[in-house]
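Q: According to our numbering, the sequence shown holds residues 11 to 155 in order. For each residue, glycine too, the CB sits at the ideal point set by N, CA and C.
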Amino acid sequence: FKIKKEVDISENTKSLDTKQLFEFEKEYKEILDEGAKNYPIIETIEKKRGRLKRTKSHNLFIRFIKRRNEILLFMYNFDVPFDNNQAERDIRMPKLKQKISGCFRSQIGAEIFCRNRGYISTIKKQKLNVLESICDIFSNHPFTV
């Protein structure tokens, strides 16, 4: 969260400065090196079919190594969010509707619901007024990306 705090502080820029990037990259590598002591890469001597069985935490550690660039992208490009909370919020409404109603009454009804929610979500992400944008649909001036 130290990186997130620095990103939040760095207003009016597109990324952290080079020195900060180097320090955070170094700290990330040190954390991975510490993790490598707990989860050494195990090579199998005899050939077996399929993947090597590992624990969930070991698989997570390997993803932290392989996906390093994606994990740290938010400090190089401030347009990338730190977390995926927005995606979770976007899916909450259909899940709530499903929970209350049990299901959608038809496939078409589900598609219409998702299309409307997607349109409203996009309007919010573009920081536009939702009510005005919906009114614009009926006056043949819909919001377009």
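(1) Nearest to K135 by alpha carbon, out of D100, A46 and R125?
(2) When the distance is taken between beta carbons, is I72 closer than 9 Å to R64?
(3) Within the same chain, show all residues whose beta-carbon is closer than 8 Å to that of V90, passing over the 5 residues directly before and after it, in chain order.
(4) Could you check the C-alpha separation between R127 and F32 for me, to the nearest Å?
(5) Measuring only the C-alpha atoms, how far is M103 from S25?
(6) Looking at C-alpha atoms only, which residue of K39, L62 and L106 is the closest neighbour of R77?
(7) Let me confirm a value: V17 is counted as buried when at least 16 other C-beta atoms fall within 10 Å, else exposed. Which label applies?
(8) List the endpoints of the continuous alpha helix (DSSP H) containing D100.
(9) Given a cut-off of 9 Å on the beta-carbon distance, is the pair T132 and F114 in contact?
(10) What whole-angstrom Cβ distance do V140 and I130 have, given they're in contact under 8 Å?
(11) Can you check the stretch 15–51 for any beta strand (DSSP E) of at least 3 residues that lies completely inside it and give the ranges in chain order?
A: Quick look at the numbers:
(1) D100
(2) yes
(3) L83 and F84
(4) 41 Å
(5) 33 Å
(6) Nearest in C-alpha terms to R77, of all of K39, L62 and L106, is K39.
(7) buried
(8) N95 to S111
(9) no
(10) 6 Å
(11) none
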